[in-house]
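First up is the structure itself, then whatever we jot down about it.
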Amino acid sequence: MSNPLDPRASKLLHDLIEHYIRAGEPVGSATLARECGLDLSPATVRNVLAQLEEQGLITAPHASAGRVPTTQGFRLFVDALVHLEPVPEALQQRIGQALASCGDPRDALRRAADLLSGLTRCVSLVRMPRREDQALAQVDLLPLGQQRVLVVLVFRDGEVQNRIARTDREYSLRELSRSARALNRQIAGLTLAEVRQRILGDLKATRSAIDQAMTAVVGAAESLLEDSDQGVVMAGERTVLEHSDLDDLGHVRALFQTFDEKRSLLHLLERSTAAERVRLFIGEESGLNALGPCSVITAPYRVGGQVGVLGVIGPRRMPYQRVIPIVETTARALSQALA
């Protein structure tokens, strides 16, 4: 985003937003004149602030109060005015070592969420790469009795998922092993979405002896595709209670409902998977009413050829210059840990 402001207006907007982020209260012209270091009178500052208000960058919440930034003002601040702080080398190493020490991919995701929340004092979330895009290595079928079969889906990235499917009769281990071998010849290397399409097509074309096994695998694949909540790890939900600008009971209730349901958050994260670097959604830019008083910062990470997303949710007056580099650093470290 280009900066349409002259240097003086840019400086005053920058300092107003910095003060607001730090103090959490409207900023008056006298305070800004004293702190900006430009040797301007409060009257001159008031004139500039009036121009910024006309441009929709700041607003006065009360007639006699100072000004606060609008979503548009925050957007200009982040895109054109703020100077990002490099993450200290020691902290980069700490993040990298913490994630590299995780033996299991899911442990790494949980550790990444905990690190992000602890370092930023925001709600953190880590979205696994979409399962529908992950390639299967093999399928195993095991009898459980009572007309139930355990479907074991092993993915090429090492992840293992289990689902229980019901069948029309009891199947022996020998029958299921033979069916699994036949299935693996057809579906090894395919994604879940491709598996579902391939098997459903075969089921319509033939009524073979392995129909029940095929149906069980389709059911397991569809369960994984629909069970999206398991693809998101969250941490630090209670940090919303630490921020004074998120203390409205209605906002808090709406936020926790959004955290609990996750589905709307998944749609928001899905918009970030195509991004090469950090994305920022300020207030209503997220498209979610519950996140109106919040900002969301996301960054993609990669596992093989698949893309996941991690990020934080915090108040709009978060310290962007520090949080954005931490999110980006954690995403890069998670990619390296899962490589």
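Take any residue in the sequence shown, note its place counting from 1, add 13, and you have its number in our numbering. Even for Gly, the Cβ is constructed at its ideal location relative to N, Cα and C. These numbers were taken from a predicted model, which means no experiment stands behind them.
Whose C-alpha, out of the options, is nearest the C-alpha of residue i?
{"i": "R182", "options": "V246, V162, D170, N302", "result": "V162"}
{"i": "F87", "options": "L282, S42, Y33, N175", "result": "Y33"}
{"i": "H75", "options": "V40, L45, I108", "result": "V40"}
{"i": "E172", "options": "V58, Q147, S114", "result": "Q147"}
{"i": "T2", "options": "H264, G327, R198", "result": "The requested residue 2 is not part of the displayed model; the chain covers only 14 to 352."}
{"i": "A267", "options": "E250, A303, V152, D120", "result": "A303"}
{"i": "G317", "options": "T180, V265, R194, P142", "result": "P142"}
Taking 8 Å as the limit between beta carbons, can you name the residues of its chain near residue i, skipping five residues before and five after?
{"i": "L149", "result": "L166, V167, F168, R169, I200, A201, G202, L203, T204, L205, V208"}
Excluding sequence positions up to five away, which residues of its chain have a Cβ less than 7 Å from the Cβ of residue i?
{"i": "A218", "result": "Residue confidence is low: A218 scores 47 on pLDDT, short of 50, so the model does not pin down where it sits. No coordinate-derived value is stated."}
{"i": "R21", "result": "L51, V61"}
{"i": "R330", "result": "Y33, I34, G37, D258"}
{"i": "A111", "result": "R124, L128"}
{"i": "R179", "result": "Q160, R161"}
Taking 6 Å as the limit between beta carbons, can you name the residues of its chain near residue i, skipping five residues before and five after?
{"i": "T311", "result": "S285, R292, V322, G324"}
{"i": "Q85", "result": "G69, L70"}
{"i": "V58", "result": "S42, L45, A46"}
{"i": "A248", "result": "A126, D127, S130, S137"}
In whole angstroms, give me the CA-to-CA distance for residue i and residue j.
{"i": "Y184", "j": "L279", "result": "38 Å"}
{"i": "G131", "j": "L53", "result": "40 Å"}
{"i": "V164", "j": "S190", "result": "11 Å"}
{"i": "S299", "j": "V309", "result": "8 Å"}
{"i": "A73", "j": "L128", "result": "37 Å"}
{"i": "Y314", "j": "I339", "result": "13 Å"}
{"i": "L157", "j": "C307", "result": "48 Å"}
{"i": "A63", "j": "L25", "result": "12 Å"}
{"i": "A288", "j": "N197", "result": "34 Å"}
{"i": "G244", "j": "Q319", "result": "14 Å"}
{"i": "P101", "j": "C49", "result": "28 Å"}
{"i": "H96", "j": "A195", "result": "58 Å"}
Say whether the stretch 338–349 touches the stretch 270–283, bearing in mind that this needs 3 or more beta-carbon pairs closer than 8 Å, one atom from each stretch.
Short answer: they don't touch.
Could I get the ranges of all uninterrupted alpha helix (DSSP H) runs contained in the stretch 44–117, with 4 residues as the minimum, in chain order?
The DSSP assignment places 55–67, 84–89, 102–113 as complete runs of the alpha helix (DSSP H) inside the stretch 44–117, in order along the chain (cut-off: 4 residues).
Report yes or no: do three or more beta-carbon pairs, one from the stretch 64–80 and one from the stretch 24–33, lie closer than 8 Å?
Flag = yes, the stretch 64–80 and the stretch 24–33 touch.
Where in the stretch 261–321 do unbroken runs of the alpha helix (DSSP H), each at least 4 residues long, occur, reported from the N-terminal end onward?
Assignment of alpha helix (DSSP H) within the stretch 261–321, counting only whole runs of 4 or more residues, yields 262–274, 276–283 in chain order.
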